[in-house]
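Down below is the structure, laid out as structure tokens.
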Amino acid sequence: MANAIAVKVPDIGDFSDVEIIEVLVQPGQQVEAEDGLITLETDKAVMDVPAPQAGTVVNVEVAVGDRVSEGDLVLTLEAANAADDTAVASVTGTTTSEPEAAGGEKSSPTGDTSQSTTDETVTLVDIPVPDLGDFDAVEVIEVLVEPGDQVELESPVVTLETDKAAMDVPSPVVGVIKEVLVSPGDHVSKGTVLARCESRGTPSDDAGTTTDEPPPPAGATASTASETTSMPTAAGAVPATLPAIDESTFKVAHASPAVRKFARELGVDLGRVRGTGVKSRIRKDDVKAFVKAIMMGDVATAAAGPAWPAVPKVDHAKYGEIEEQPLTRIQKISGPRLHASWVNIPHVTHNDQSDFTDTEKIRKEMKAEAAEEGISLTPLAFVLRGCVLALQEMPLLNCSLSDDGDALIMKKYINLGFAADTPNGLVVPVIHNAQDLSVLEIARQLGDLSAQAREGKLPIKKMQGSTFTISSLGGIGGTSFTPIVNAPEVAILGVSRANMTPVYIEGEFQPRLMLPLSLSYDHRVIDGANAARFCVLLAKLLADPKGLVV
41 MANAIAVKVP DIGDFSDVEI IEVLVQPGQQ VEAEDGLITL ETDKAVMDVP
91 APQAGTVVNV EVAVGDRVSE GDLVLTLEAA NAADDTAVAS VTGTTTSEPE
141 AAGGEKSSPT GDTSQSTTDE TVTLVDIPVP DLGDFDAVEV IEVLVEPGDQ
191 VELESPVVTL ETDKAAMDVP SPVVGVIKEV LVSPGDHVSK GTVLARCESR
241 GTPSDDAGTT TDEPPPPAGA TASTASETTS MPTAAGAVPA TLPAIDESTF
291 KVAHASPAVR KFARELGVDL GRVRGTGVKS RIRKDDVKAF VKAIMMGDVA
341 TAAAGPAWPA VPKVDHAKYG EIEEQPLTRI QKISGPRLHA SWVNIPHVTH
391 NDQSDFTDTE KIRKEMKAEA AEEGISLTPL AFVLRGCVLA LQEMPLLNCS
441 LSDDGDALIM KKYINLGFAA DTPNGLVVPV IHNAQDLSVL EIARQLGDLS
491 AQAREGKLPI KKMQGSTFTI SSLGGIGGTS FTPIVNAPEV AILGVSRANM
541 TPVYIEGEFQ PRLMLPLSLS YDHRVIDGAN AARFCVLLAK LLADPKGLVV
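In terms of the working numbering, the sequence shown opens at residue 41 and continues consecutively.
Have a look at this one:
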């Protein structure tokens with residue numbers, strides 16, 4: 041096979057015996073120059089081994105899980121033509137008989153190329169840390185290039201992270217990386233040299249044109265032209281509806297450096313792309329499919345969150361006898377909503393406790409009188425009343441985040457939802473305008489709505505419009521739990537069983553009835569300090585029965 045090229049593992053620095061985590065091609069597959077062939081993973085980074093030129097894969101000599109070192113054979117590639125084979129012989133490790141010109145440079149196969157090389161000026165350009173504003177000693181979290189890599193103008197070289205954001209430092213020139221001077225974990229400041237790049241022509245030449253850069257591998261022009269015609273470019277062909285890149289999700293996306301670079305060129309947030317490769321790795325085709333979906337007006341794709349790995353299917357009958365029970369209607373409805381809240385809201389749970397001793401004493405005193413009016417006066421009624429008072433003082437926990445995430449919707453009313461356990465599943469009845477109700481009126485509605493929920497007669501309007509939810513497991517047990525925020529609310533209170541606990545008061549331990557409180561909240565709206573203040577305030581209100589029964 042005259043045009044066969046042996047593609048080998050390139051120089052990978054100090055690493056050896058590196059694992060192959062993905063084989064990206066198969067025999068018979070057409071590849072373009074710089075297309076990824078396999079993906080290697082060291083203990084510090086993931087890298088693709090690219091095709092040195094366009095051609096057809098003949099044999100693949102490695103498999104996923106194999107461990108390789110520099111010089112190991114990866115695959116055999118049949119070049120598109122003999123000229124291409126000669127041009128990249130040095131890349132693949134094959135030898136040539138080309139004479140060396142003065143200065144150690146090999147003469148070009150054609151006179152035209154040799155003349156072009158003679159006219160070019162080779163410049164070693166430092167790539168420094170740009171102005172970082174008020175930040176200093178910024179951490180390097182990812183090095184995106186290595187010696188020998190070809191970089192384009194504005195190609196990302198390293199990723200820096202401040203305490204507020206992550207940013208890429210781009211290459212100011214077109215050229216080849218000769219030296220990388222930093223590693224992940226290093227701290228750098230403005231002016232620190234990150235890498236050195238060998239550029240043909242001056243930085244200003246590179247910024248204006250790419251005609252003076254080294255000749256690309258054979259087939260690269262065709263590849264670039266193909267991608268340009270089939271995909272939008274970052275210069276403006278992508279519609280304005282393309283979601284902005286979220287650096288926090290982009291940097292943890294399961295993708296190789298080549299795919300990351302490709303995604304940045306198109307302005308695609310990898311955190312929103314569903315990977316179809318091994319272990320849900322994002323491939324270049326996945327990025328293309330995402331952009332295509334956006335251009336075709338697929339809003340669902342545009343709004344999609346990070347791609348979650350699928351749970352493997354299991355044949356449970358293999359291990360013993362089983363019985364399949366269908367979900368109830370309520371479970372089918374509530375399950376997806378709970379899942380949506382959990383994956384879309386950054387949850388934090390703050391735990392505290394309230395001294396409920398005096399309030400429980402008053403509740404028992406009022407219980408008989410309330411029963412005469414047909415009211416079951418439970419501890420939960422006092423908790424709901426305490427929440428009303430706390431929300432009036434701290435209305436931030438009674439608001440919602442606007443759909444576009446740019447504003448808070450402050451509500452002048454308080455509608456309390458409470459989780460009710462029914463034979464058919466969990467439902468959340470709502471007590472509307474709770475700010476206008478006394479503790480006895482809250483208790484009456486609490487009993488009426490709970491009964492309707494158990495009987496399956498709860499009207500739809502009585503399950504809508506809640507601004508704050510309480511989930512009480514006190515009648516069952518437990519000391520704390522993490523309730524899921526009921527979107528579009530921004531907080532939910534979990535209540536566990538009250539227990540008599542020795543509390544050190546005025547020089548001695550006294551038995552006190554302590555009520556556990558667990559507040560889950562949307563961290564986009566509520567910070568930890570406000571959550572803690574709310575819990576302290578609520579605990580204080582629940583410990584003072586006089587304020588609750590007024």
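Every residue, glycine too, gets a C-beta built ideally from N, C-alpha and C.
Given the structure is predicted, the values throughout are model-derived calculations rather than measurements.
Alanine 262: buried (16+ other C-beta within 10 angstroms of its C-beta) or exposed? Stepping through the sequence shown from its first residue, residue 262 is reached at position 222. For alanine 262, the predicted structure reports a pLDDT of 39, less than 50, and the residue's modelled location is therefore unreliable. A value from the coordinates is still provided. So alanine 262 counts as exposed.
Requested in this report: Could you have a look at glutamate 413 and say whether DSSP puts it in helix, strand or coil?
Outcome: Residue mapping note: residue 413 aligns to position 373 of the sequence shown, counting from 1. Glutamate 413: coil per DSSP, three-state reduction.
How close, in whole Å, do the beta carbons of valine 49 and valine 108 come, if the pair is a contact with beta carbons under 8 Å? Taking the sequence shown and counting its residues from 1, one reaches residue 49 at position 9. Taking the sequence shown and counting its residues from 1, one reaches residue 108 at position 68. So it is a contact: roughly 5 Å between Cβ atoms.
task: Please report the residue range of the beta strand (DSSP E) in which phenylalanine 458 lies.
output: Looking up residue 458 in the sequence shown gives position 418. Element bounds for phenylalanine 458: 456-458.
**Q.** Terminal residues of the alpha helix (DSSP H) in which arginine 304 lies
**A.** On the sequence shown, residue 304 is found 264 positions in, with the first residue counted as 1. It spans 297-306 - the alpha helix (DSSP H) in which arginine 304 sits, taken as one unbroken run.
Q. If you drop the 5 nearest sequence neighbours on each side, which residues of the same chain put their C-beta closer than 7 Å to that of glutamate 62?
A. For the purposes of this step, residue 62 is taken as the residue at position 22 of the sequence shown. Ile78, Thr79, Val104, Gly317, Val318 and Arg321, listed in sequence order.
Which same chain residues end up closer than 6 Å to valine 222 when comparing Cβ atoms and leaving out the 5 residues on each side of it in sequence? The sequence position of residue 222 within the sequence shown is 182, counting from 1. Counting only Cβ-Cβ distances below 6 Å, and skipping sequence neighbours, we find Val180 and Leu234.
Worksheet item: Apart from the five residues just before and just after methionine 675, which ones in its own chain have a Cβ nearer than 7 Å to its Cβ?
Response: The structure shown does not extend to residue 675, since the chain spans only 41 to 590, so no value can be given for it.
Query raised in the report: So, helix, strand or coil for alanine 122, using DSSP?
Result: One-based indexing of the sequence shown puts residue 122 at position 82. Here the model assigns alanine 122 a pLDDT of 44, short of 50, so the residue's position is not dependable and the matter cannot be decided.
Exercise. Between alanine 421 and alanine 459, what straight-line distance do the alpha-carbon atoms span, to the nearest angstrom?
Worked result: By one-based count along the sequence shown, residue 421 stands at place 381. By one-based count along the sequence shown, residue 459 stands at place 419. Distance between the alpha carbons of alanine 421 and alanine 459: 13 Å.
Helix, strand or coil at methionine 503 according to DSSP, with G and I counted as helix:
As a first step, residue 503 must be located in the sequence shown, where it is residue number 463. Correct three-state label for methionine 503: helix.
inquiry  = Quick check on lysine 324: buried or exposed, where buried means 16 or more other Cβ atoms within 10 Å of its Cβ?
reply    = One-based indexing of the sequence shown puts residue 324 at position 284. Under this definition lysine 324 is a buried residue.
Have a look at Leu513, Thr541, Asn539 and Val292 and flag the residue whose alpha-carbon is nearest the alpha-carbon of leucine 533. Indexing the sequence shown from 1 puts residue 533 at position 493. Nearest of Leu513, Thr541, Asn539 and Val292 to leucine 533, Cα basis: Leu513.
request  = Name, in chain order, the residues that DSSP records as bridge partners for cysteine 439.
outcome  = Counting from one through the sequence shown, the residue named residue 439 turns up at place 399. For cysteine 439, which the question treats as bridged, DSSP gives no partner whatsoever.
Next item on the list: Taking only the alpha-carbon atoms, compute the straight-line gap between arginine 484 and isoleucine 415 and give it to the nearest angstrom.
Entry: Mapped onto the sequence shown, residue 484 falls at position 444. Mapped onto the sequence shown, residue 415 falls at position 375. Roughly 5 Å between the two C-alpha positions.
key: Contiguous alpha helix (DSSP H) assignments of at least 4 residues, all confined to the stretch 343-401   = 369-384
I need the boundaries of the beta strand (DSSP E) containing isoleucine 52, first residue and last residue.
The residue given as residue 52 occupies position 12 in the sequence shown. Unbroken run through isoleucine 52: none, as it is neither H nor E.
For this session: Label isoleucine 373 either buried or exposed according to how many other C-beta atoms from any shown protein chain fall within 10 Å of its C-beta, with 16 as the threshold for buried.
Result: Numbered from 1 along the sequence shown, position 333 holds the residue referred to as residue 373. Looking at its Cβ environment, which holds fewer than 16 other Cβ atoms inside 10 Å, isoleucine 373 is exposed.
Thinking just about the alpha-carbon of each residue, which of Ser558, Pro499 and Val479 is nearest to the one in serine 511?
Translated into the one-based positions of the sequence shown, residue 511 becomes position 471. Nearest C-alpha to serine 511: Ser558.
Point to revise | Cut-off 6 Å between Cβ atoms - residues of its own chain near histidine 227, not counting five sequence neighbours on either side | key: Locating residue 227 in the sequence shown gives position 187, counting from the first residue. So the qualifying residues of the chain are Ala177 and Glu179.
**Report entry** Chain-order list of residues whose beta-carbon lies under 8 Å from that of glutamate 363 (same chain, five-residue window excluded)
**Finding:** Along the sequence shown, one-based indexing puts residue 363 at 323. Once the five neighbours on either side are set aside, glutamate 363 has no close Cβ partner at all.
Taking three-plus beta-carbon pairs below 8 Å as touching, is the stretch 569-579 in contact with the stretch 416-435?
yes
**Anticipated Cβ contact below 8 Å, aspartate 106 with isoleucine 60, distance rounded** = For the purposes of this step, residue 106 is taken as residue 66 along the sequence shown, with counting starting at 1. For the purposes of this step, residue 60 is taken as residue 20 along the sequence shown, with counting starting at 1. Their Cβ separation, rounded to whole angstroms, is 5 Å, which keeps aspartate 106 and isoleucine 60 in contact under 8 Å.
Quiz item: In angstroms, rounded to a whole number, what distance separates the CA positions of threonine 232 and tyrosine 561?
Solution: By 1-based counting over the sequence shown, the position of residue 232 is 192. By 1-based counting over the sequence shown, the position of residue 561 is 521. One C-alpha to the other measures close to 41 Å.
_Here's a check: name, in chain order, each residue in its chain whose Cβ is nearer than 7 Å to the Cβ of arginine 564, leaving out the five neighbours to either side._
Stepping through the sequence shown from its first residue, residue 564 is reached at position 524. The answer, listed in chain order, is Pro386 and Leu441.
Do phenylalanine 330 and arginine 304 have their C-beta atoms within less than 9 Å of each other?
Against the sequence shown, residue 330 aligns to sequence position 290. Against the sequence shown, residue 304 aligns to sequence position 264. Not closer than 9 Å, so no.
Leaving aside the five residues before and after leucine 64 along the sequence, list all residues of the same chain whose C-beta is less than 7 Å from its C-beta, in chain order.
-> What you label residue 64 is simply residue 24 of the sequence shown in a count that begins at 1. Within its own chain, the residues whose Cβ lies closer than 7 Å to the Cβ of leucine 64, once the five positions on either side in sequence are excluded, are Gly76, Leu77, Ile78 and Thr79, listed in chain order.
Report the rounded CA-to-CA distance for proline 297 versus valine 165, giving the unit in angstroms. Mapped onto the sequence shown, residue 297 falls at position 257. Mapped onto the sequence shown, residue 165 falls at position 125. Taking the straight line from one Cα to the other gives about 22 Å.
Alpha-carbon spacing of glutamate 186 relative to glycine 375, whole angstroms:
Within the sequence shown, numbered from 1, the residue matching residue 186 stands at position 146. Within the sequence shown, numbered from 1, the residue matching residue 375 stands at position 335. Per the coordinates, the alpha-carbon of glutamate 186 lies some 47 Å from the alpha-carbon of glycine 375.
Taking the Cβ atom as the reference point for each residue, do asparagine 455 and threonine 507 lie within a distance shorter than 9 Å?
The residue given as residue 455 occupies position 415 in the sequence shown. The residue given as residue 507 occupies position 467 in the sequence shown. It is a contact, given that the beta carbons lie within the stated cut-off.
TODO: Identify, in the order they occur along the chain, each residue of the same chain with its Cβ nearer than 7 Å to the Cβ of phenylalanine 290, setting aside the five sequence neighbours on each side.
DONE: What you label residue 290 is simply residue 250 of the sequence shown in a count that begins at 1. Cβ within range, chain order: Asp309, Leu310 and Gly311.
Rounded to the nearest angstrom, what separates glutamine 69 and isoleucine 217 at their Cα positions? Here residue 69 corresponds to residue number 29 of the sequence shown, with the count starting at 1. Here residue 217 corresponds to residue number 177 of the sequence shown, with the count starting at 1. Taking the straight line from one Cα to the other gives about 30 Å.
Which of the three DSSP states is assigned to glycine 315 in this structure?
Taking the sequence shown and counting its residues from 1, the one referred to as residue 315 is at position 275. Coil at glycine 315, not helix or strand.
Spatial neighbours of alanine 295 within its chain, please: CB distance less than 6 Å, with the 5 preceding and 5 following residues excluded, ordered by chain position.
-> The residue labelled residue 295 in the question sits at position 255 within the sequence shown. Apart from sequence neighbours up to five positions away, the residues of its chain that approach alanine 295 with a beta-carbon distance below 6 Å are Leu310 and Ile322, ordered along the chain.
Let me check understanding here. Comparing Cα to Cα, which of Asp189, Val209 and Gln550 lies closest to valine 198? In the sequence shown, residue 198 corresponds to position 158, counting from 1. Among Asp189, Val209 and Gln550, the Cα nearest to that of valine 198 belongs to Val209.
Beta-bridge pairing of alanine 531 - partner residues as DSSP gives them: Along the sequence shown, one-based indexing puts residue 531 at 491. Bridge partners of alanine 531: Tyr561.
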